Every structure is written in structure tokens, then in C-alpha cells.
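Notes follow the structure.
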Amino acid sequence: MEKGTETEAQADAPVAVIADGVLRPHPGQPGRAEAHLAAPVVQNHAANLTVLPGGDLGCVWFAGTLEGVSDISVWVSRLAAGADRWTDPVRLSEDPTRSEQNPLLFPAPSGDLWLLHTAQLGGRQETAEVRLRVSADGGATWGPSRTLFEGGVFVRQPVVQLPETGRMLLPIFRCVAPPDAPWTGDRDTSAVMISDDGGHTWSERPVPCSTGLVHMNIRPLSDGSLLALFRSRRADAVHRSVSYDGGETWSEPEPLAVPNNNSSIQYTVLADGRLALTYNHSSAADAVARRVSLYDDIEDEGADEQAVAEPSSDAFWGAPRAPLSLAVSSDGGLTWPRRHDLETGDGHCLTNNSRDGLNRELSYPSITQSPDGTLHIAYTHHRRTIRYVRLAPEWTDLNLTSD
0 MEKGTETEAQ
10 ADAPVAVIAD
20 GVLRPHPGQP
30 GRAEAHLAAP
40 VVQNHAANLT
50 VLPGGDLGCV
60 WFAGTLEGVS
70 DISVWVSRLA
80 AGADRWTDPV
90 RLSEDPTRSE
100 QNPLLFPAPS
110 GDLWLLHTAQ
120 LGGRQETAEV
130 RLRVSADGGA
140 TWGPSRTLFE
150 GGVFVRQPVV
160 QLPETGRMLL
170 PIFRCVAPPD
180 APWTGDRDTS
190 AVMISDDGGH
200 TWSERPVPCS
210 TGLVHMNIRP
220 LSDGSLLALF
230 RSRRADAVHR
240 SVSYDGGETW
250 SEPEPLAVPN
260 NNSSIQYTVL
270 ADGRLALTYN
280 HSSAADAVAR
290 RVSLYDDIED
300 EGADEQAVAE
310 PSSDAFWGAP
320 RAPLSLAVSS
330 DGGLTWPRRH
340 DLETGDGHCL
350 TNNSRDGLNR
360 ELSYPSITQS
370 PDGTLHIAYT
380 HHRRTIRYVR
390 LAPEWTDLNL
400 TSD
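If you're matching positions, the sequence shown starts at 0 in numbering that gives the first Met the number 0 and goes up one per residue.
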């Protein structure tokens with residue numbers, strides 16, 4: 000896609016960052032409003048949005064001084080239906096021995112609200128486990144945390160409940176470190192945890208040939224199939240896989256003509272059947288430099304070896320995490336010809352150290368649609384804040400252009 004005109008670029012220019020949670024109209028784009036959620040600490044990353052029973056919007060993310068260290072915790076903020084300000088963040092986890100990351104909310108079939116997140120030792124994703132907290136009052140109070148899965152298991156994407164059977168699908172990826180070497184990500188594989196009894200028991204279904212493909216994002220389509228899209232550790236392209244039997248088996252993932260930069264993506268199915276994808280329209284081909292690993296900023300907590308690890312032959316770290324783009328597919332995710340860059344920038348992410356203010360990534364987007372057709376998007380803004388964008392139902396057709 001060609002770059003927009005100077006006038007269009009000015010219209011897309013970001014407004015000043017005021018992290019107070021207040022929704023403000025975006026200049027030059029009717030139907031678009033946005034807010035920067037209040038930042039409890041210096042680093043804020045990996046938001047996930049959920050439309051809650053009753054119409055409120057919940058946003059969870061992790062925050063602390065530096066990803067991978069033990070002061071990283073899960074936080075939540077809420078936008079009440081009809082409100083114009085997000086609540087002040089509240090901490091939902093606090094394990095002084097582990098970095099607690101990648102949270103997601105799930106309104107369970109029992110009526111409870113679930114919080115799932117990972118917890119790992121410093122800089123070592125192969126030590127991660129998935130933890131669960133349950134709220135019986137819509138998130139006002141929470142029960143104790145318990146471990147759901149162990150053994151280097153990570154989550155990022157929402158739980159999916161199939162409408163016909165009630166089956167629950169939780170996409171995971173397993174973080175694998177080579178013998179006598181630090182984790183670098185290139186051996187990670189994807190799988191689906193399946194529960195047919197409301198989450199009491201789970202069974203695992205691996206995705207074939209998924210090495211290096213993570214953050215599996217599953218949605219049911221109108222034809223009865225399940226479509227999964229993946230982040231690629233190789234920073235080449237978004238990949239897709241399909242299941243026709245309720246998640247029991249999956250096709251081998253294949254690349255799409257959509258770039259990926261080894262950063263998270265997320266899509267949702269719109270009310271009209273189209274698919275809306277949020278992602279970074281960049282890849283390793285756009286990189287002028289690369290990082291060693293995700294955790295090469297960490298200098299303590301037993302993870303010093305990450306800083307001297309040799310780059311893996313497959314995992315590519317450091318591709319620009321920008322622009323933050325929205326694309327739409329009308330053919331079940333095979334092609335994504337219409338796109339708009341919600342925010343542009345150089346996407347510099349050769350460091351995760353927010354204390355130095357050098358990270359300029361626009362990343363880890365989350366997207367959902369409320370019953371009135373409004374699109375909601377949240378993403379990491381320079382690792383300093385979580386930025387929220389609200390798009391009126393008519394905005395997509397007015398602002399997306401074709402390649």
C-alpha cells in the first residue's frame with residue numbers, strides 16, 4: 000500500500016499522551032476516539048480487551064519495571080458502558096518470585112469471570128506456568144490464584160467457547176529451551192487446550208508443524224470451521240491453520256500475504272461476517288538491526304546468560320513494531336486487501352527498557368466488537384502506556400483503503 004498524502008499523514012498524527020484514561024476525539028477522523036489508560040508503573044505491555052456481561056469493557060495487561068523481572072504484575076482497568084473514562088488500574092497479581100505476564104479475561108459459562116496469566120522465573124519462558132483466578136461478582140473481588148498448567152506453557156489469546164457444544168478452547172504455546180542453552184523462542188510450538196466440562200478438566204491438541212509459530216488466535220467462522228492465526232518467530236508472515244472438527248485436529252499452518260515481525264496479532268469476527276485483524280505491518284525485511292533475545296535487557300534475577308546468548312538461526316528479534324494497522328478480510332481470512340494504519344512511527348524496539356525511554360513500539364494489539372457494532376482496540380504505546388481506540392461502526396468502511 001502506498002503511503003498517504005501529507006494531509007492524510009497529518010490527520011493520523013498521534014495526539015499528545017495524557018495518561019488519564021479519558022476518551023478524547025481523534026482530530027481529523029470522525030467516529031474515532033481514544034485514551035491512554037493511567038500507567039501504574041514505568042512499563043505497561045500486552046493488553047487484552049473483553050466485553051463483559053452488562054456491557055462494560057475490561058482491559059488487563061502486565062506492568063512493572065522491565066518485562067521478565069519479578070516486579071511485573073497483572074493490572075486491570077474498566078470502562079463502564081456509556082462512560083468516557085477508564086477506571087484507575089488495580090493490581091490483580093503479586094508474586095514476588097515470578098514475572099506475571101500475558102493476562103486475559105474470560106466470562107465463563109458458570110457466570111464467573113476468569114483471569115488467566117503466565118508466571119515465569121526471570122527471563123526464562125521455559126519455566127512459565129499458567130495461573131487462574133476466579134471472580135464470582137464480575138471482577139469486584141477475586142479468589143485465590145492457582146496453577147492451571149505447568150511446564151513452560153504460555154498464553155496470550157482469548158478463550159473461545161463454541162456456541163453449539165459449549166466446548167472451551169484455550170490456545171497455548173510451549174516454550175522450549177535447547178539443552179544447556181537459554182530460551183530464544185525458535186523451538187516454541189502451539190497447541191490447544193480443550194475442555195468439555197466447563198474448565199474442570201483439559202486435554203491438549205498440538206498443532207502440527209507449528210515450531211516457531213505462537214500466539215495462536217482462534218475464532219469460529221460462519222461455515223462451522225475454526226480459523227487460527229499465528230505470530231511467527233521468524234518475523235516473516237502471519238500464518239493460518241484451520242480445524243473442521245471443533246479443534247480436535249488442525250491443518251499445518253501456512254503463511255499469508257500479511258507480514259509479521261515476531262510480535263503479537265489479534266483478530267475478531269465482525270457482526271457482518273468479515274474479519275478484522277490488528278497487527279504490525281512489518282517484518283524482518285524492514286529491520287536495520289536485530290536484538291539478541293526478548294530478555295537481553297535483563298541484568299539480574301539469574302538471567303544474565305540471556306544477554307550473551309547467540310542469536311538463534313530462526314527466531315528474529317528487533318523488527319520494527321510499527322505501524323499499528325487494522326486490516327479487514329471478506330473471504331474468511333485468506334486475503335486482507337483493505338488496511339488502515341491507526342498509528343505510525345519507526346517502531347524502534349531494540350530495547351525493552353522503559354526507564355530509558357528508548358522503546359517506541361506500537362504493539363500487542365487486542366480487538367473486540369461490542370453488540371452495537373463499535374470496534375475496540377488496545378495496544379502497547381512505547382511500553383509506557385496502554386492506548387485504547389474506539390471506532391464507530393461506520394468508521395471501518397469510511398477509512399480502510401485497498402492495496
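Even glycine gets a Cβ: it sits at the ideal position worked out from N, Cα and C. For clarity, every value in this text was computed on a predicted model and none was experimentally measured.
- request: Reducing DSSP to helix, strand and coil, say where aspartate 19 ends up.
  value: Within the sequence shown, numbered from 1, the residue matching residue 19 stands at position 20. Coil, per DSSP.
message: So, at 7 Å on beta carbons, what are the nonlocal neighbours of arginine 337 in its own chain, with the 5 sequence-adjacent residues on each side left out?
response: Position 338 of the sequence shown, counted from the first residue, corresponds to residue 337. Once the five neighbours on either side are set aside, the close Cβ partners of arginine 337 are Ala326, Val327, Leu399, Thr400, Ser401.
field: Assumed close pair glycine 30, leucine 390 - CB separation to whole angstroms, cut-off 8 Å
entry: Translated into the one-based positions of the sequence shown, residue 30 becomes position 31. Translated into the one-based positions of the sequence shown, residue 390 becomes position 391. With 8 Å as the limit, glycine 30 and leucine 390 qualify as a contact, their Cβ atoms being about 6 Å apart.
message: Measuring alpha carbon to alpha carbon, tell me which residue in Leu91, Thr96, Val237 is nearest arginine 123.
response: The residue given as residue 123 occupies position 124 in the sequence shown. The shortest Cα separation from arginine 123 among Leu91, Thr96, Val237 belongs to Thr96.
- prompt: When the Cα atoms are used, what is the spatial distance from serine 362 to aspartate 179?
  reply: As a first step, residue 362 is located in the sequence shown; it is residue number 363 there, counting from the start. As a first step, residue 179 is located in the sequence shown; it is residue number 180 there, counting from the start. So the two alpha carbons sit approximately 31 Å from each other.
- prompt: What separation, rounded to the nearest whole angstrom, lies between the Cα atoms of arginine 383 and proline 322?
  reply: Numbered from 1 along the sequence shown, position 384 holds the residue referred to as residue 383. Numbered from 1 along the sequence shown, position 323 holds the residue referred to as residue 322. Whole-angstrom Cα-Cα distance: 17 Å.
According to DSSP, residues forming a beta bridge with arginine 239: The residue labelled residue 239 in the question sits at position 240 within the sequence shown. DSSP output for arginine 239 lists Leu228, Glu253 as bridge partner(s).
DSSP state of arginine 354 mapped onto helix, strand, coil: Looking up residue 354 in the sequence shown gives position 355. Note: arginine 354 maps to helix in three-state DSSP.
- prompt: What residues are listed by DSSP as bridge partners for isoleucine 385?
  reply: Residue mapping note: residue 385 aligns to position 386 of the sequence shown, counting from 1. For isoleucine 385, which the question treats as bridged, DSSP gives the partners Thr379.
task: Spatial neighbours of histidine 381 within its chain, please: CB distance less than 7 Å, with the 5 preceding and 5 following residues excluded, ordered by chain position.
output: Position 382 of the sequence shown holds residue 381. Within the same chain, histidine 381 has close Cβ partners Asn358, Arg359, Glu360.
message: So for alanine 283, helix, strand or coil by DSSP?
response: Translated into the one-based positions of the sequence shown, residue 283 becomes position 284. In this structure, alanine 283 counts as helix in the three-state DSSP scheme.
- prompt: Looking at the structure shown, is asparagine 101 part of a helix, part of a strand, or coil, going by DSSP?
  reply: Sequence index remark: in the sequence shown, residue 101 carries index 102 (1-based). If DSSP states are grouped into helix, strand and coil, asparagine 101 belongs with the strands.
task: Decide if aspartate 371 is buried, meaning its Cβ has at least 16 other Cβ atoms within 10 Å, or exposed.
output: For the purposes of this step, residue 371 is identified with residue 372 of the sequence shown, where counting begins at 1. Aspartate 371 comes out exposed.
field: Terminal residues of the alpha helix (DSSP H) in which aspartate 396 lies
entry: Here residue 396 refers to the residue found at position 397 of the sequence shown. Its alpha helix (DSSP H) spans residues 394-398.
- prompt: Where does arginine 337 sit, in a helix, a strand or coil, going by DSSP?
  reply: Counting from 1 along the sequence shown, the entry for residue 337 is found at position 338. Note: arginine 337 maps to strand in three-state DSSP.
message: Give me the residue from Arg386, Phe315, Ala270, Arg290 with the minimum Cα distance to proline 392.
response: Position 393 of the sequence shown, counted from the start, is the residue given in the question as residue 392. Cα-wise, what sits closest to proline 392 is Ala270.
message: What residue range does the beta strand (DSSP E) around arginine 130 cover?
response: Counted from its first residue, the sequence shown places residue 130 at position 131. Start and end: 123-134.
task: Compare the beta carbon distance of serine 72 and glutamate 33 with 8 Å and say whether it is the shorter of the two.
output: The residue you call residue 72 lines up with position 73 of the sequence shown. The residue you call residue 33 lines up with position 34 of the sequence shown. No, the pair does not count as a contact, with Cβ atoms beyond the cut-off.
field: Through-space distance from alanine 18 to glycine 63, alpha-carbon basis
entry: Mapped onto the sequence shown, residue 63 falls at position 64. Mapped onto the sequence shown, residue 18 falls at position 19. Going by the C-alpha atoms only, they are around 16 Å apart.
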